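Reading through the structure tokens given below for one structure.
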Amino acid sequence: MFGCSDKNLSPPGGVFPRGGWGVSVRVVFPSEICSQPLCGRLLLLISNDPSEEPRFQINDGPDTQLVFGVDVLDWQPDEPWAIDASAVGYPLETLTQLPRGRYWVQALLHRYETFHRSDGHVVQLPMDRGEGQQWNLAPGNLYSQPLELDLGQGGTAQTLVLDQEIAPFPPREDTRYLRHIRIQSELLTGFWGRPMHLEAIVLLPEGFDEHPEARYPLLINHGHHSRQWRVGVTWRETPVDAEKEQLEGYALTQAEYSYGFYRDWTGPDLPRVLIATIQHANPYYDDSYAVNSANLGPYGDAINYELLPEIERVCRAIGEPWARTLYGGSTGGWEALASQIFYPQLFNGCWANCPDPVDFSGYTSVNIYEHANAYFSGEGWKRTPRPAMRTTLGDVVSTVQQVNQRELALGSHNRSGQQYDIWEAVFGPVGADGYPRRIWDKRTGEIDPAVAAYWRENYDLRHILARDWQTLGPQLEGKLHVYMGEMDNFYLNGAVYRLEQFLESTTDPWYAGEIRYGARFGHCWSGDPGTPLEIARLTLNQRLVPQMVAHILNTAPAGADTSSWRY
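Counting in this note's numbering, the sequence shown runs from 51 upward without gaps.
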């Protein structure tokens, strides 16, 4: 599974030399835990906060701790590998910047395997193992127990032992209301050169077993990977016992609203439909963006032409375009829009909340077409960092450069499993080495205009709509619904303003959809102007499902089954 011993495969980025440099930390994995040579990303995690393991303290916020990463190839059991100043770090860029002191220290190996793709490239990537491309949770990854150590310039050499292995997840079982569907995709298996699977978790309506004659509309929720059914809330069939479950604060609120959704779903008021969440974690990210791409392969076709028919067969869906809708937020919002635009004949509307950049002139705070540098504005004496994340009051939390530096530390060649890396993998062409060709230099921020042009023609949704409106317009009339907070934490509102400008200018036909904004709301506003965002996201289904079903009924063709599921 984790073989990386292809003699014709040179290590990505080169093998880091073994030896001590300044801050000297050596890492070893014992042959008792793994007897084979390994490859992957070796991470050194350093923290001054003992409240939890350092591997769970790396983030884009002000409270992040430290990570330093190196690529390892053909690493032999019981052979120490040294981590030194050549390691890429975040938020400190190098270990030489680490003040001497006492820290909690941990090491982790994010394991890679070798893929022989159908495009002729051989690449090493971390296959998802059920965790949703999370390096600190991936089954099979090796790690050390946290130790309190003295580190810094002039400190003594330290050795960390990777004697722990993250265990696999238990299988998921069907219940009265939930179906877990898994297929091996012929399309993706062919591209990646090894078995590749797609999954879905489908919420069944009340009365599904009691009404075997019924056929149901299918509402597809796109979004990030989850091992449980999760759409705003999770599926919960039991009342909350806060004391027994040790729940408080927002966790308690989430549990209460989850049970509230169960009561609404099984009660008389919500329509009887299917809600499917799609699971398409892959070697680059926790989902594929549900489109075909040069680096990830034909995920759009695989989801829509292989997985959806199986969902509809198993769960007795109507199985016709008029009875399928899409919704989602953030990444899922972009996927809902893109699926409707790229497969207009398959779906009858999308409801997209806070979508990822739908116009790359508003690629968060970067205009990839006009800016020369993604990290700084200005070319003279004054260079201002571009922001990546803010509070709803406008306070900058992190910059584009800082977020990309974290990704560089976690993985070279777009292997961090993080946001900017997956955007490059989905939207970009394949580089000469088989990995994604970057939109900008990850260290300097210099933008590549040729890659920007490729992005524009293939994945800039506003540009594609404008370019192809003559053919797309008649197929999308009345089907596009977008909701966006005007203080989106990731600056995604700028791209939606540009999308709205085009859509409102359309004629023959006019788009006849809606774009709505929430004043002072952040990420991920879903159209409720009178409720705090943290609560509104927990009532998403109660608000949007009736809207989607009303649209389905209003646009159903003559003779369509609009009765068997309305019991």
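Where a beta carbon is used, it is the ideal one built from N, C-alpha and C, also for glycine. Since the model is a prediction, treat every value here as computed from it, not as a measurement.
### Message
Quick check: what's the CA-CA separation for Leu376 versus Leu145?
### Response
47 Å
### Message
Could you tell me the alpha carbon to alpha carbon distance between Ile251 and Ile231, rounded to whole angstroms?
### Response
6 Å
### Task
Spell out the partners DSSP gives Ile133 in its beta bridges.
Val75
### Gly572 versus Pro80: straight-line alpha-carbon distance, rounded
47 Å
### Task
May I have the straight-line CA-CA distance separating Ile602 from Leu594, to the nearest angstrom?
12 Å
### Query
Among Trp185, Asn591 and Thr164, which one has its Cα closest to the Cα of Val283?
Asn591
### Query
Assuming Leu210 contacts Leu197 under a Cβ cut-off of 8 Å, what Cβ separation, rounded to an integer in Å, is found between them?
7 Å
### Query
When DSSP builds the beta bridges, which residues end up paired with Thr209?
Arg76
#### Entry: Distance CB(Leu201)-CB(Ile96) smaller than 8 Å
yes
### Boundaries of the beta strand (DSSP E) in which Ile152 is found, first to last residue
As written in the sequence, residue 152 is Arg, which differs from the Ile given in the question. From DSSP, the beta strand (DSSP E) with Arg152 extends over Gly151 to Arg161.
### Distance between beta carbons of Gln395 and Leu530, contact taken as under 8 Å
Leu530 to Gln395, Cβ: 15 Å. No contact.
#### Entry: Own chain partners of Glu263 with C-beta closer than 8 Å, once the 5 adjacent residues on each side are dropped
Ser614
### Query
How should Asn109 be labelled, buried or exposed, when 16 other C-beta atoms within 10 angstroms of its C-beta is the threshold for buried?
exposed
### Task
Just the C-alpha distance for Tyr561 and Asn186, rounded to the nearest angstrom, thanks.
44 Å
#### Entry: Spatial distance of Thr612 from Leu346 (CA atoms)
38 Å
### Task
Determine the burial state of Val364: buried for a count of at least 16 other Cβ atoms within 10 Å of its Cβ, exposed for fewer.
exposed
### Task
Hey, could you find the ends of the alpha helix (DSSP H) Phe118 is sitting in?
Where Phe118 is concerned, there is no enclosing alpha helix (DSSP H), although the beta strand (DSSP E) it sits in stretches over Leu116 to Trp125.
### Query
Val323 and Val599 look like a contact to me (Cβ under 8 Å); what is the Cβ gap, rounded to whole Å?
6 Å
### Task
State the CB to CB distance for the pair Glu125 and Pro87, rounded to an integer number of angstroms; the pair is presumed to be in contact (CB under 8 Å).
Correcting the residue identity first, residue 125 is Trp in this sequence and not Glu. Trp125 to Pro87, Cβ: 6 Å. Contact.
### Query
Among all the DSSP beta bridges, which residues are the ones paired with Val595?
For Val595, which the question treats as bridged, DSSP gives no partner whatsoever.
### Task
Just list the beta strand (DSSP E) runs in the segment 476 to 561, keeping only unbroken ones of 3 residues or longer that don't cross its boundaries, in chain order.
530 to 535
### Task
Note down the Cα distance separating Gly399 from Arg229, rounded to an integer number of angstroms.
24 Å
### Query
Is the beta carbon of Pro176 sitting closer than 8 Å to the one on His160?
yes
### Query
Helix, strand or coil: which one does DSSP assign to Asp173?
Reading off the sequence, residue 173 comes out as Val, not Asp. Residue state, collapsed to three classes: strand.
### Query
Using the rule of at least 16 other Cβ atoms within 10 Å of the residue's Cβ for burial, across every protein chain shown, is Ala292 buried or exposed?
exposed
### Query
How would you call Ala301, buried or exposed, if buried means at least 16 neighbouring beta carbons within 10 angstroms?
exposed
### 6 Å Cβ shell around Phe219 - same chain, five flanking residues per side excluded
Gly180
### Euclidean distance between Cα positions of Phe392 and Ala352
13 Å
### Task
Spatial neighbours of Trp71 within its chain, please: CB distance less than 6 Å, with the 5 preceding and 5 following residues excluded, ordered by chain position.
Per-residue confidence for Trp71 stands at a pLDDT of 41, beneath the threshold of 50, marking its modelled position as unreliable; the derived number appears in the next sentence. These residues qualify, in order along the chain: Asp134 and Ala135.
### Query
Taking the alpha carbon of Leu142 as the point to measure from, which residue in Arg512, Ala459 and Tyr307 has its own alpha carbon closest?
Ala459
### Query
Looking at the structure shown, is Asp611 part of a helix, part of a strand, or coil, going by DSSP?
coil
### Message
Using the Cβ count rule (16 or more neighbours within 10 Å means buried), how would you classify Gly412?
### Response
buried
### Status (buried if at least 16 other CB within 10 Å, exposed otherwise) for Gly170
exposed
### Task
Report back the beta-carbon spacing between Asn271 and Gly382 to the nearest angstrom; my notes put them in contact at under 8 Å.
7 Å
### Query
Can at least three beta-carbon pairs, one atom from the segment 545 to 555 and one from the segment 515 to 535, be found at a separation below 8 Å?
yes
### Query
Where does the unbroken beta strand (DSSP E) through Arg229 begin, and where does it stop?
Leu228 to Gln234
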